[in-house]
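There are 2 protein chains.
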Amino acid sequence: MQHATSSRDTKAEIHRAAVELFSTQGYDKTSLREIAEQVGITKASLYYHYSSKQQLLRAIVGTFLDDIFQVLRLPETLPWSPETEREVLGAYVDVIIAHRATGPTLLRDIAAVLAAFGDDLDELIAQSRRFQLWLAGPDPTAADRLRAAAAVEAVGAAMSIELDLQAGDAEIRAVLLDAATAVLARRGSPVVE
Amino acid sequence: MQHATSSRDTKAEIHRAAVELFSTQGYDKTSLREIAEQVGITKASLYYHYSSKQQLLRAIVGTFLDDIFQVLRLPETLPWSPETEREVLGAYVDVIIAHRATGPTLLRDIAAVLAAFGDDLDELIAQSRRFQLWLAGPDPTAADRLRAAAAVEAVGAAMSIELDLQAGDAEIRAVLLDAATAVLARRGSPVVE
DNA sequence: GTCTATAGGGTGATAGAC
DNA sequence: GTCTATCACCCTATAGAC
Chain A
24 MQHATSSRDT
34 KAEIHRAAVE
44 LFSTQGYDKT
54 SLREIAEQVG
64 ITKASLYYHY
74 SSKQQLLRAI
84 VGTFLDDIFQ
94 VLRLPETLPW
104 SPETEREVLG
114 AYVDVIIAHR
124 ATGPTLLRDI
134 AAVLAAFGDD
144 LDELIAQSRR
154 FQLWLAGPDP
164 TAADRLRAAA
174 AVEAVGAAMS
184 IELDLQAGDA
194 EIRAVLLDAA
204 TAVLARRGSP
214 VVE
Chain B
24 MQHATSSRDT
34 KAEIHRAAVE
44 LFSTQGYDKT
54 SLREIAEQVG
64 ITKASLYYHY
74 SSKQQLLRAI
84 VGTFLDDIFQ
94 VLRLPETLPW
104 SPETEREVLG
114 AYVDVIIAHR
124 ATGPTLLRDI
134 AAVLAAFGDD
144 LDELIAQSRR
154 FQLWLAGPDP
164 TAADRLRAAA
174 AVEAVGAAMS
184 IELDLQAGDA
194 EIRAVLLDAA
204 TAVLARRGSP
214 VVE
């Protein structure tokens, strides 16, 4: 029993260290030596827990992908309305916040993530496009679609904020939901050029 | 004269090959050997034209870097006020839009751009942080700083929109400026949790 | 201007002892 | 489960011949 516990702890520590280093330095620029050093083991020991660097990346990004896909598919079952919009937007914010530590890795090392997940990412882009189109509301103009894209990007700010920000998850959630809503509320407004 | 012409052609070919490879593979994953091979010369010859890999990168993203840094530095000389805020925000939107139009290959691929910034990315992040802090307004709360980050991200939507969007630069500019302003207008609002 | 050759370093990954 | 030692490979960059 003690063996299993020790094993799980080390594996979790590797996972945690990898998330931190990948996020701050990027996947490519983070070496397995660095990760091992931070955990206090050697590279060889790391390989006992994860059979390759890619496997480690898959373990990290995999859970995020599962969650985000679930949210992006929500519109498929829900007709658009102000109420469902708020519900979907809230779910999206929740996922972004929950996985904001892995966010930078995704944004900075798309190439590596693409190599690790292949076709899944193409589907993510397509799904994300449908998601934004749904958010644009019924019969959207080009400006409305742009507003929907801007609203989604605004929520993504959760991934780029600093760690020293003195705000709890609940506050971050409320502010970003409010910000996205404010952008979407401009739908239908005349565009003054 | 023939020497100079030949020289300029090779240098231009290196530049072209580098743009293509950086865009598709990212900066880190593209080796000078690959670039040299594509041009039909050796690495050593490449070093005759560009003194380092970073120099090559600077030649490619130089103008964008200069422009974005110039905008991010604007707050240093301007005290915050509603008027200067609108001016700075407008300048930011202009740079994003301008480089979206002139360098679609480079700017549309977020991964390649971020990778191409290399070590400058750290300085860009620091400058961007000061920029966002200024945008948050005087004596900002944590929520206000988050709103500023969200506003900046919203403008960034210009980079991720599809080509089939039926909207001119002027309309995109107006919509994004309006969206960012709408987010910033929420500053000071009570956060309902 | 371009080449060959090489220095000097880092990387992911494996073998085998304990 | 963790270690030491090592392999095979790739990288940036430089020196010097042509």
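Read top to bottom, the protein sequences are chains A and B.
Position 49 of the first sequence, counting from 1, maps to 72 under this note's numbering, and the rest follow consecutively.
Position 143 of the second sequence, counting from 1, maps to 166 under this note's numbering, and the rest follow consecutively.
Cβ atoms here follow ideal geometry from the backbone N, Cα and C, with glycine treated the same way.
Cβ-based burial, residue i [other Cβ within 10 Å; buried from 16]
| i | result |
| --- | --- |
| B/Tyr-6 | Because residue 6 of chain B is not part of the residues shown, which for chain B are 24 to 216, the question remains open. |
| A/Ser-74 | exposed |
| A/Tyr-71 | exposed |
| B/Gln-78 | exposed |
| B/Val-42 | buried |
| B/Leu-101 | exposed |
| A/Pro-105 | exposed |
| B/Pro-127 | Because B/Pro-127 sits at a pLDDT of 45, beneath the cut-off of 50, its placement in the model cannot be relied upon, and the point is left open. |
| B/Gln-93 | exposed |
| A/Arg-170 | buried |
| B/Ala-27 | Residue placement at B/Ala-27 cannot be trusted, given a pLDDT of 45 that sits under 50; the coordinates are not used to answer. |
| A/Ile-148 | exposed |
| A/Gly-141 | exposed |
| A/Pro-203 | A quick correction: the sequence has Ala, not Pro, at residue 203 of chain A. So A/Ala-203 counts as buried. |
Rounded separation between residue i and residue j - CA only
| i | j | result |
| --- | --- | --- |
| A/Arg-131 | A/Lys-34 | 24 Å |
| A/Glu-99 | B/Ala-193 | 33 Å |
| B/Leu-158 | A/Asp-145 | 35 Å |
| A/Met-182 | B/Pro-163 | 20 Å |
| A/Asp-90 | A/Val-118 | 7 Å |
| A/Ala-190 | A/Phe-154 | 28 Å |
| A/Thr-125 | A/Leu-44 | 10 Å |
| A/Phe-87 | A/His-122 | 6 Å |
| B/Ile-58 | A/Ala-134 | 18 Å |
| B/Val-198 | A/Val-214 | 7 Å |
| A/Val-62 | A/Ser-68 | 10 Å |
| B/Ala-114 | A/Leu-95 | 33 Å |
| A/Leu-188 | A/Glu-110 | 26 Å |
| A/Leu-55 | A/Ala-138 | 18 Å |
| B/Leu-200 | B/Leu-112 | 7 Å |
| B/Ala-180 | A/Ala-173 | 5 Å |
| A/Leu-156 | A/Arg-168 | 6 Å |
| B/Arg-210 | A/Ser-151 | 29 Å |
| B/Lys-76 | A/Thr-53 | 20 Å |
| B/Ala-208 | A/Trp-103 | 27 Å |
| A/Gln-48 | B/Gln-48 | 18 Å |
Per-residue contacts from residue i into chain B (C-beta, under 9 Å)
| i | result |
| --- | --- |
| A/Glu-194 | Ala-165, Ala-166, Leu-169, Val-214 and Glu-216 |
| A/Asp-51 | Gly-49, Asp-51, Lys-52 and Ala-138 |
Chain-ordered neighbours of residue i on chain A, where CB pairs are closer than 8 Å
| i | result |
| --- | --- |
| B/Ala-180 | Leu-169, Ala-172, Ala-173, Val-175 and Glu-176 |
| B/Arg-152 | Glu-185 |
Of the residues the options, the one placed nearest residue i, counting alpha carbons only
| i | options | result |
| --- | --- | --- |
| B/Ile-83 | B/Ser-46, B/Leu-199 and B/Ile-148 | B/Ser-46 |
| B/Val-178 | B/Val-206, B/Ser-68, B/Leu-188 and B/Leu-80 | B/Val-206 |
| A/Ala-166 | B/Arg-196, B/Leu-156 and B/Thr-53 | B/Arg-196 |
| B/Arg-39 | B/Pro-213, B/Val-116 and B/Leu-80 | B/Leu-80 |
| B/Val-116 | B/Leu-169, B/Val-175 and B/Lys-52 | B/Val-175 |
| A/Thr-65 | A/Ala-180, A/Ala-202 and A/Ile-37 | A/Ile-37 |
| A/Gly-160 | A/Glu-108, A/Gln-48 and A/Leu-97 | A/Glu-108 |
| A/Asp-143 | A/Asp-32, A/Ile-184 and A/Gly-85 | A/Gly-85 |
Proximal chain B residues relative to residue i, where beta-carbon distance stays under 8 Å
| i | result |
| --- | --- |
| A/Ser-183 | Ala-172 and Glu-176 |
| A/Leu-199 | Leu-169 and Ala-173 |
| A/Val-206 | Ala-177, Ala-202, Ala-205 and Val-206 |
Amino acids of chain A, ordered along the chain, whose beta-carbon sits closer than 7 Å to that of residue i
| i | result |
| --- | --- |
| B/Gln-189 | Ala-165 |
| B/Arg-209 | Asp-201, Ala-202 and Ala-205 |
Interface residues of chain B facing residue i [CB-CB closer than 7 Å]
| i | result |
| --- | --- |
| A/Ala-134 | Gln-48, Gly-49, Lys-52 and Ala-134 |
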